[in-house]
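Protein chains in written order, with the UniProt record's numbering: chain A, 1 to 348; chain B, 1 to 348.
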C-alpha cells in the first residue's frame, strides 16, 4: 500500500475519468457474443423475445454534482432519474425499470428525503418505470445517489456511438447551454441580477430539472437514417468527441449553427460576447438533449417528421467526414479553438 | 424545506433502513405480471428463453462498511463483488454480469485503486462475470462503491424469502460468527493478542474476504425440497426474521445447534462465556453463508448430498412452525432473549 519509489505518490486526482475507466475495462473476462459493455450510454445484453436489454447507471454525489444549499430535493429526485432515462433514450430504447441506492447522512431532515422521493417518483410514474430494488445505508458525510436503469430496444432500432458514417449530418434535439447558464447564475447570482426573473427561472429549471428526451429517443431509434446517438451530458464538444472516437471519423461543428434559447441569449448579453456565449453553449454540460448523426440524403425528411411530431426543430450543427477521430470547430468557415471543456470529474 | 411545526426536526438518523425502504416501496407504479421488486435479495424480472432475470445491488461506504486503515484494498475489491454474488446465490441463481460505480476521493493513491481493481477482477474471473459498465466520479470525502449484479435462474429453481413452510428445517451452509469475531479483533486488537496468529488470520479472512456461496446456491436452487433462501448478511437472527416475515410463519432457533468454527471457539475463550459466544454467532452479520428452509421429510437426503458435493455439512439450526411471523431462540429447550442485533444502518 505504500509507494517506496522516489516518484511522488500518484493519486486519483492525477487521473481523468477515462483513464480510470480504461484501467477497469481492460482487466475483465471477454464478453459473450451479442453483449456490448463499457463505452456507450448503456450496456447491451440479450433481452426477452429477441430484443436487446439496455442497462445504464449514473451516480450523483453531493458537492460534486449538486449542492444542498442550491437545489430543492424534489428537483434532485427528478434529476437523479432523468439522467438515467436520458441514457436509455440515447440508445433508442424504452425504459423498463430502475434501482435506487442511497447513502444518507444521518443529519438529513426527513422532509428532504421525502422531497427527493416525490420528485423521483413523479418522473417514474410519468414514464411508467417501476422501482424494483436498491440499497440504503448511512453516509458519513455526503448524500450519494446511485441509480441503475434497465430498458429494451429492438435490435434494429438500437443506436450506438460507433455508427456515424462519412457524410452524415450532426444534429441536436434542443438548444444548448441553458444548464451551464443556470449553473453560472447559481455561482454568481449578483452578476446576473439584471436578468429578468422569467429568463432566470427558465435557465435554472433546465439546470435543476432537465427533461429526458425519452419519446424523442424512441422515435429516432426507429429511423434507419439515424446512424449514431449519444446524450448531451458532458457538453457538445465532449460528447461529439465520444462519437468521433467510437465511430473513427472526424466531426466538424459550425459554431454559428448552434441553437440557442431566448433565455440563453438574454443571459449572454451580460458580460459575454456573442462568440463567448457560443463557446459556453458548445462546452457546457448537462443539457440532456440528444446528439445524433443522420444520413445526409435523408436529413431533411427526418427533420421535417421530427418537427411535425415533437413541435420543435432537429438542429443541424455539423458534419461527419473521413479523417482522424477528432472534433473540429469552425466559426463562419474558419477553424477556431474552444478552450473550456466540461468534465464532472475534474471539477473542484 | 423547513419544518415550521413545534415538533423537533426529524432526521434520517431517526429512521431505520426498513422504514426508509418502505417510504420508497409504496410510492411507485404497480409492477407488471411476473416481476418481483423490493423485498428479496434480488429483484426478479422476465429473462431470456423463459428464464428469470435476477438483479441485485449493494453499497459499500467508507467509514460505514469498512475502514481504510484496517482493510487492504484488494480485499475490499473482493468483498464488493462477493456480497453481490451472494445475493444471486441466495435466489438459487447463476451470476451473469456486473456494473460498478465508484465515487473516489481525489487523495486516494492510485496503488489503492489498482489493489481494489485486482481483488474485484480476480473474483469476477473466478465466477466468469464480466464487468459491463458503471460510472466514475469524484467524491468529496468517502470512497463509495455501488455494485449492481445480474443473474438468471430457471423459474422452478428460484428461491424466495417467502417460501418457508410449516415443518421445514432451518439450515445454514457454514459456521456462524467468524466475520463478527474478525471485526471484534480489529476493534480491540490488544484484547485478542493472546489468540494464535493462525486463528486470528482465519477470522480476519472471513471478515475481509468472505467467499460467496455461488455454487452452493445454484445447487440448492435445483433441490425442490429447499423452500426458501436468503444470504446471511445481517446476521442469523435478522435474516431469519426476514424469512419469517415474508413467509408468515414462526421460526425457532436452537442456540446449541449453531455451527461454530474452531477459530471462533478459540476466540470465544477470551472474555466470553459459551452462551455469550453463541449469542455473537446468532447476532453477528456478514457471514455470507446461506440460510434456507428444507422440507423435513427430505432434510437428511439433501444434507447428505450437500455434504458429498461440497465436503461440508448443511447444518440444521431450527424449525419453521405455524405462528406469528417472529423468531424465537431456545437454549436447551428454554426460551432465551438475545439482545444484540446487527444493523449496518444504525452502526455508529
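Glycine is no exception: its CB is placed at the ideal position from the N, C-alpha and C atoms.
All figures in this text were calculated on a predicted structure; none of them were measured in a lab.
- Three or more Cβ pairs closer than 8 Å define a contact, and the segment 316-327 of chain A falls short of that threshold against the segment 268-278 of chain A.
- Here residue 58 of chain A is buried. Its C-beta has 16 or more other C-beta atoms within 10 Å.
- Using a 10 angstroms sphere on the CB of residue 202 of chain B, the tally of other CB atoms reaches 16 or more, which defines it as buried.
- Around the C-beta of residue 166 of chain B, fewer than 16 other C-beta atoms lie within 10 Å, and the residue is accordingly described as exposed.
- Scanning its chain for C-beta atoms nearer than 6 Å, with the 5 sequence neighbours on each side dropped, one finds around residue 157 of chain A the residues 92, 221 and 222, in chain order.
- Note on geometry: alpha-carbon atoms of residue 186 of chain A and residue 70 of chain A lie some 7 Å from one another.
- Flagged as an interface residue toward chain A: residue 109 of chain B, by a C-beta distance shorter than 8 Å.
- Residue range 299-310 is occupied by the alpha helix (DSSP H) that includes residue 302 of chain A.
- When secondary structure is reduced to three states using DSSP, residue 13 of chain B falls in the helix class.
- In this structure, the straight-line span from the alpha carbon of residue 244 of chain A to that of residue 169 of chain A is close to 13 Å.
- For residue 105 of chain B, the secondary structure class from DSSP, reduced to helix, strand or coil, is strand.
- For residue 111 of chain B, the enclosing alpha helix (DSSP H) has its first and last residue at 110-126.
- For chain B, the residues of the segment 126-146 of chain A that bring a beta carbon within less than 8 Å of one of its beta carbons are 128, 129, 130, 131, 132, 133, 134, 135, 136, 137, 138, 139, 140, 141, 142, 144 and 146, in chain order.
- At a cut-off of 8 Å between beta carbons, residue 9 of chain B contacts chain A.
- Between residue 286 of chain B and chain A, the shortest Cβ-Cβ separation is not below 8 Å.
- Against chain B, the CB of residue 12 of chain A has a partner CB under 8 Å away; the residue lies at that interface.
- Our two residues, residue 211 of chain B and residue 87 of chain B, have alpha carbons roughly 12 Å apart in a direct line.
- A distance of 8 Å or more separates the beta carbons of residue 251 of chain A and residue 182 of chain A.
- For residue 139 of chain B, the secondary structure class from DSSP, reduced to helix, strand or coil, is strand.
- For the UniProt domain "PurM-like C-terminal" (166-323) of chain B, the continuous beta strand (DSSP E) assignments of 3+ residues that do not extend past its boundaries occur at 169-172, 226-231, 250-254, 290-294 and 315-321, in sequence order.
- Burial state of residue 96 of chain A is buried, judged by a 10 Å Cβ sphere holding 16 or more other Cβ atoms.
- In the same chain as residue 259 of chain A, and ignoring 5 residues on each side of it, the C-beta atoms closer than 6 Å to its own belong to 175 and 315, in chain order.
- For a Cβ distance threshold of 9 Å, residue set 48, 96, 97, 132 and 150 of chain B lies close to residue 45 of chain A, ordered along the chain.
- In terms of Cβ geometry, residue 94 of chain B and residue 161 of chain B do not form a close pair [threshold 8 Å].
- Put simply, the segment 103-110 of chain B does not touch the segment 303-311 of chain B. Fewer than three CB pairs are less than 8 Å apart.
- If you look at residue 76 of chain B, you'll find it in the alpha helix (DSSP H) that goes 73-89.
- Contacts with chain B at 8 Å (Cβ-Cβ) do not include residue 179 of chain A.
- With a cut-off of 8 Å on Cβ pairs, the segment 227-242 of chain B is in contact with the segment 281-295 of chain B, counting three or more such pairs.
- Taking CB atoms only, residue 185 of chain A has no neighbour in chain B less than 8 Å away.
- It is roughly 15 Å from the alpha-carbon of residue 213 of chain B to the alpha-carbon of residue 226 of chain B.
- Looking at B/53, B/33 and B/117, the one whose alpha-carbon comes closest to that of residue 131 of chain B is B/117.
- Taking a Cβ-Cβ threshold of 8 Å, none of the residues of chain A is close to residue 246 of chain B; the smallest such distance is about 15 Å.
- Taking every protein chain shown into account, the CB of residue 191 of chain A has fewer than 16 other CB atoms within 10 angstroms, so this residue is exposed.
- For the pair of segments examined, the segment 67-86 of chain A was found not to touch the segment 78-87 of chain B: the number of CB pairs separated by less than 8 Å stays below three.
- Beta-carbon to beta-carbon, residue 150 of chain A and residue 54 of chain A are separated by about 7 Å, close enough to satisfy the 8 Å threshold.
- Listed in chain order, the non-local C-beta contacts of residue 280 of chain A below 6 Å within the same chain comprise 177 and 180, local neighbours out to five positions each way being set aside.
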